Every structure is written in C-alpha cells, then in structure tokens.
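Asker: Residue numbers (this note's numbering): 4 to 124.
Once you've had a glance at the structure underneath, I'll fire off some questions.
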C-alpha cells in the first residue's frame with residue numbers, strides 16, 4: 004500500500020445495525036459493553052495484508068458515537084494516524100468490521116475512509 008504517508012490522519016466512518024440472530028429483532032448496542040458481550044457495539048479495524056505473510060491488524064479506535072441515527076442504524080467513527088511501520092509494508096488494505104457476539108447479526112453500510120486535511124498543523 005504505497006498510497007499511505009506516515010503522519011497522515013484518516014477518518015473511518017460508517018453505519019451499522021444490530022439484529023438478534025434468533026429472530027431478526029433490531030437491537031440497540033451498548034457503547035460501554037466489552038467486545039463480545041451481548042449488546043457490544045461493532046468496531047472497525049484497518050488491516051494490512053502482504054502476500055504469503057499473515058495479516059497484521061492495524062487497529063483504529065472506532066466507536067459507536069450515535070445510536071439510531073436512522074431507522075435503527077448507528078454511527079461508527081474513528082480517527083487514526085498512519086505510523087511508519089504501516090507504510091509500504093503491505094500489498095492490500097482492508098477495513099474489517101468486528102464484534103458483536105455471535106448472538107447478534109451486524110449489517111454495515113456506507114463505510115468510508117477519508118484523509119483529514121493537514122490544515123490542523
């Protein structure tokens with residue numbers, strides 16, 4: 004992934020919805036629940052992958068920031084700064100959703116990754 008530059012900041016934003024795996028009921032997540040607890044919210048992970056080498060998870064601190072913004076959809080958002088170890092070491096870049104527990108289905112939409120302009124310097 005040669006398009007990333009050390010020190011650049013990126014925002015990951017999207018929406019997700021939780022539903023019960025048993026009956027499809029829409030469920031509101033609890034941002035304070037630990038990962039894999041019954042009502043834990045989903046989060047996003049930025050993953051780099053290099054051919055023939057196991058992937059390296061590059062965690063982005065993403066959290067549910069708004070519940071039920073639209074018909075059961077919750078907003079998920081996070082910001083990360085690209086570190087030197089991530090630049091030029093991977094062939095592919097993935098945004099991976101993880102959590103909640105297996106008792107819930109998670110549906111994602113409108114996931115994006117956008118550079119934050121450096122006018123903050």
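We put the beta carbon where it would ideally sit given N, CA and C, even for glycine.
Source: prediction; values computed, not measured.
#1: Taking buried to mean at least 16 other C-beta atoms within 10 Å of its own C-beta, is residue 120 buried or exposed?
#2: Can you tell which of 88, 114 and 85 has the C-alpha that lies nearest to the C-alpha of residue 45?
#3: So, with DSSP's three-state summary, where would you put residue 88?
#4: Put residue 35 into one of helix, strand or coil per three-state DSSP.
#5: Under 7 Å, do residue 9 and residue 98 count as touching if we go by C-beta distance?
#6: Once DSSP output is grouped into helix, strand and coil, what is the label at residue 94?
#7: In angstroms with no decimal places, state the Cα-to-Cα distance between residue 43 and residue 7.
#8: CB-CB under 8 Å to residue 105, same chain, minus the five flanking residues each way: which ones, in chain order?
Answerer: Considering the structure as presented:
#1: Answer is exposed; the Cβ neighbour count stays below 16.
#2: Of the listed residues, the one whose Cα sits closest to residue 45 is 114.
#3: Here residue 88 sits in helix by DSSP.
#4: Residue 35 falls in the coil class under three-state DSSP.
#5: At least 7 Å separates the beta-carbon of residue 9 from that of residue 98.
#6: Looking at residue 94 - three-state DSSP - the assignment turns out to be coil, as it is neither helix nor strand.
#7: Going from the Cα of residue 43 to the Cα of residue 7 covers about 31 Å.
#8: So the list reads 24, once near-sequence residues are dropped.
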